[in-house]
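One structure is given below, encoded as structure tokens.
Protein chains in written order, with our numbering: chain D, 233 to 539; chain Z, 5 to 313; chain F, 31 to 573.
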């Protein structure tokens, strides 16, 4: 097990390096630069700025400097667009917001999704089942950029119950709509996966035996069925969590939450190289980490799996 | 991704075991089971209609997808309502263009993105997985490590980067979306290839000196078709959803062309200004088609899955 | 105004409000209007500001914040006239090269230190310093400071710059050449003073809310990037007792439709009206929707350089394309925000500029269409030889709509085939700047309120002339205008030449279209086309 973990972490390092190289090259291949605008800067001013940020150096040197700065000081450099802030600061401020939304949505998606799926499986082929399946497919195909404006119209403009956006220090009223919009499609996927794997487990011989022996349904469900039925759900959770972090782009843009998604899209469009790199690396790291956590969880639940 | 790769993986295992108990034809059997699945059959019919609509719907209207109706431009909320009198069956968009014609054309693009994207993913994934599984050893190890590494890259970010760097075009969308979706496919295919590899007919071919690549193409890939078909059907809606997200970011197809995602995102932005048809019509097509793909995918999987027999 | 959002906001900050409520529930000292209890101004900004460092800020939303946080030598009133800021007055030498400003002795920084002439000297040298590499460094040259160019290039030391504190309250400025507009430049954010001791202590961190020291009517108290920034009353400000707004909050909201929803829900006091929504809103909320001119022009430029298409070298083609555009459809049916149809490049709102009567502006659209068809046929294009080209614009809902409308007008009236190219902003700038286009969108906002800020764009040597139009007469007229006592005749002539040769297609002149809380009074600078507003001049009346 320990060997396996070490091996996985060892793979993470080249992965990150590849990610850095790909994004670095792609970014600098993109036309334009961080200091272009409708009114181009005079050449002298532009030269001064480029010298300040080291953009006058050859690309490979910039890349080496970047990696060295990253490894030795964990310094991701200054933002080119938001001139009085460093990337570290931007991440330090935006990431907690993103994580808050991610974790809350994750909790909502898992609890609601698993319950919905389990109920549908237990009551297979009843109206409850059909309703649950209908809801989950519907929720899965409704894009969140449609759901967000509908939510805001309903709860902000018509009912006046909830504020239409912002973060405002993370007060609960501000969290509700973004969390709903972010979690729905994942909730739906989890419900569908839970339902089908639960059905499979309920049809296995040992559950049938347990039922035949007259064990109470509750015991069968919680003691015997739930854990094995969770396996496929868990393998879905890693990508789902990362999806919620990256998927927050829509939420961040629509609800102006101040999270990372907004920064990423803006930095890609304005060629704020350092901010973009920083966020890409961060998300890459998270992806690797969560895939690892999920694999370990998997091993813990299913002792048959050996690494 | 949206696709439940675990289930497809199970299916792959079962299919591999299947060959040993050959009796009735696998495909004939599957077809019979599929026909019995009402939801899947209805979906198949609806989806065929949607495809027909996207191909021939243009002939039912005098308007093209780019022509502006100057009479209603500037007052779309009042005069651009869906109506048979004006000839705008689905109403008009914000500029006074016929929404019906735009939905027809948008359906074509979205379905194409879905299908072509899925095809790219399937082709690349199948070949990659089959080669890795068949050759085995070191090559297999390295090829699968590469997949692991690629899987850790936040693909949505790379896709945005790609579109920013190479400019927006339908081709780039196909390539970008397709190229990041083949990873799961390659894993599943590799797993199944490992099983097929040890079958007598492969060993026989090897003994006769058939070259490796030919064995892969002639003996291995055809035996993978079942799982590939199911996976592809389930991939399509994922592709369409991804395209809609890209359109929301403003990186989608060029005007005057449009897509479901672009239409929905425009309609959703202006929902409070008295033009709800701009959202509901494209959204209805989008949602119904995705439902159909899901049901057909599920139906195919159930039909091909011999376990319940 | 609403209750829920506002009370939330108020609740969150109640603790931090130590300010005196001198005017709360009181009356306005001058007008005698009853004031609202709560004086918090919340407005929408499109994007996060670039910086609040006066010498570094480069964007409009950042400058708005900096104008509240810092105070320069002069301020502007609602009509754009100069009023005293830190400077009380100035004297001009005989040769018009030396300005001597007398500063207000009671002006203080928010940490209690006095504002001195040295703070200005420091700030201006800082702006010119190649090491700081400010994107607004070039403003030193606009101001015409002595040795500015050489200092910027690093050829001369900072001490050679033409600015000097004679004593704590006297600032002497030396110019390279006489510039009558020089005092106007002192209202620009990059000329505001900066506190050397704070910058020395905190370095680049000095603009953080916990470190910043400022001399304006407000101090920065909170900043969540991409979400909000809050500025609150500065108790140390010399005119603090006449400041009424307690707090100004800028909320970053990217999507204008969302912003409007939030305005209607009472979360904002000001927002922009989305394209096409003004007529409806003006009818429904007559006291809240307003539209007023801005110093900006929207146009398309032909690529007249060697890389441009052959067809555009023919003036008849350019004229035909320009004539066939029904500008009233674009202003009245697409934008619908009270924008002005443009037949000249310079907007009519520009100071001392009379819009010249150009021939094609006088025709009716039907006449223009007929003329356009005639011209295009003369140039040799028709059904058997259709003109086709591509036009590029950058990603935006508004640009897209205008481009589509234009292409359809050409297609339906002239049978011209146009390929639309929507490009993401940075790509667009790169392509246009390198003459990699046939027809490209452009927009130009005046840097100062005078026609030359627009017309310089058609000068052959201008770095902004992306179409590479070149006309010796235009160049001469503009060069003469620089030294002329009354250059308006030159500007009129240049506009007439543009209308004849049509190197660009003027489309419309901008307006600002706002939804604004009717209780927000004071001097919102509707008359000032530069739109320099100050929170200290605003107040809310009781409903």
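Each residue gets a CB set at the ideal place from its N, CA and C atoms; glycine is no exception. If you're wondering where the values come from, they're calculated on a predicted model, not measured in any experiment.
(request) Decide if the segment 337-344 of chain D is in contact with the segment 413-430 of chain D; the criterion is three or more beta carbon pairs, one per stretch, under 8 angstroms apart. (result) yes
(request) Rounded to whole angstroms, what's the CA-CA distance from residue 134 of chain F to residue 277 of chain D? Just pull it up for me. (result) 33 angstroms
(message) I need the DSSP call for residue 308 of chain Z, collapsed to helix, strand or coil.
(response) helix
(message) Measuring straight from C-alpha to C-alpha, what distance separates residue 419 of chain D and residue 343 of chain D?
(response) 8 angstroms
(request) For residue 296 of chain Z, collect the residues of the same chain with a Cβ closer than 6 angstroms to its Cβ; drop the 5 residues on either side in sequence, then sort them by chain order. (result) 47, 50 and 51
(message) Please report the straight-line C-alpha distance between residue 367 of chain F and residue 359 of chain F, rounded to a whole angstrom.
(response) 12 angstroms
(request) Select from F:430, F:423 and F:407 the residue whose C-alpha is nearest the C-alpha of residue 446 of chain F. (result) F:407
(message) DSSP three-state label for residue 266 of chain D, please.
(response) coil
(message) So, with DSSP's three-state summary, where would you put residue 60 of chain Z?
(response) helix
(request) Determine, using beta carbons only, whether residue 460 of chain F comes closer than 8 angstroms to chain D. (result) yes
(request) Put residue 267 of chain Z into one of helix, strand or coil per three-state DSSP. (result) helix
(request) Could you say which of F:552, F:176, F:217 and F:257 lies nearest to residue 329 of chain D if we only look at CA atoms? (result) F:257
(request) Have a look at residue 245 of chain F and residue 268 of chain F and give me their C-alpha separation to the nearest angstrom. (result) 9 angstroms
(request) Determine, using beta-carbon pairs with one atom in the segment 224-234 of chain Z and one in the segment 271-287 of chain Z, whether at least three such pairs fall under 8 angstroms. (result) no
(message) With a threshold of 8 angstroms between beta carbons, is residue 294 of chain Z in contact with chain D?
(response) yes
(message) Please tell me whether residue 494 of chain F has its Cβ less than 8 angstroms away from any Cβ of chain D.
(response) yes
(message) For the alpha helix (DSSP H) containing residue 191 of chain Z, name the first residue and the last one.
(response) 186-201
(message) Taking 7 angstroms as the cut-off, is the C-beta of residue 294 of chain Z nearer than that to any heavy atom in the ligand FMN?
(response) As far as ligands go, the structure on display features none, and thus does not contain the ligand FMN.
(request) Kindly say whether residue 247 of chain D, judged by its beta-carbon, lies nearer than 8 angstroms to any beta-carbon of chain Z. (result) yes
(request) Compare the Cα-Cα distances from residue 428 of chain D to each of D:370, D:410 and D:462 and report the closest residue. (result) D:462
(message) Would you say residue 562 of chain F lies against chain D (beta-carbon separation less than 8 angstroms)?
(response) no
(message) Using a Cβ-Cβ cutoff of less than 7 angstroms, which residues in the same chain neighbour residue 249 of chain D once the five nearest sequence positions on both sides are dropped?
(response) none
(request) Taking only the alpha-carbon atoms, compute the straight-line gap between residue 438 of chain F and residue 78 of chain Z and give it to the nearest angstrom. (result) 15 angstroms
(message) Under 8 angstroms, CB to CB, which of the residues in the segment 272-285 of chain Z have a partner in chain D?
(response) 272, 273, 275, 276 and 283
(request) Could you tell me if residue 220 of chain F is buried or exposed, where buried requires 16 or more neighbouring beta carbons within 10 angstroms of its beta carbon? (result) buried
(request) Round the Cβ separation of residue 65 of chain Z and residue 91 of chain Z to the nearest angstrom and send it over; I've been treating them as touching at under 8 angstroms. (result) 7 angstroms
(message) Between which two residues does the beta strand (DSSP E) holding residue 117 of chain F run?
(response) 117-122
(message) Any C-beta of chain D within less than 7 angstroms: which residues of the segment 217-238 of chain F qualify?
(response) 234 and 237
(request) Quick one: which residues of the segment 137-153 of chain Z get their C-beta closer than 9 angstroms to a C-beta of chain D? List them in chain order. (result) 149, 152 and 153
(message) Let me check understanding here. Comparing Cα to Cα, which of F:542, F:540, F:512 and F:505 lies closest to residue 6 of chain F?
(response) As displayed, chain F neither begins before 31 nor continues past 573, which places residue 6 of chain F out of reach and without an answer.
(request) Using a Cβ-Cβ cut-off of less than 8 angstroms, give me the residues of the segment 350-377 of chain F that come near chain Z, in sequence order. (result) 359, 362, 363, 364 and 366
(message) Please identify, using Cβ separations under 9 angstroms, the residues of the segment 537-550 of chain F that lie next to chain Z, in order along the chain.
(response) none
(request) Kindly list the residues whose CB is nearer than 8 angstroms to the CB of residue 205 of chain Z, restricted to its own chain and excluding five residues on each side of it in sequence; keep chain order. (result) 223
(request) Could you pull the start and end residues of the alpha helix (DSSP H) that residue 429 of chain D belongs to? (result) 404-434
(request) Less than 8 angstroms between the CB atoms is what I'm expecting for residue 160 of chain F and residue 280 of chain D, so what's the real figure, rounded? (result) 5 angstroms
(request) For residue 51 of chain F, collect the residues of the same chain with a Cβ closer than 7 angstroms to its Cβ; drop the 5 residues on either side in sequence, then sort them by chain order. (result) Bear in mind that the predicted position of residue 51 of chain F carries a pLDDT of just 46, short of 50, making it unreliable; the figure below should be weighed with that in mind. Excluding residues within five positions, none has a Cβ falling inside 7 angstroms.
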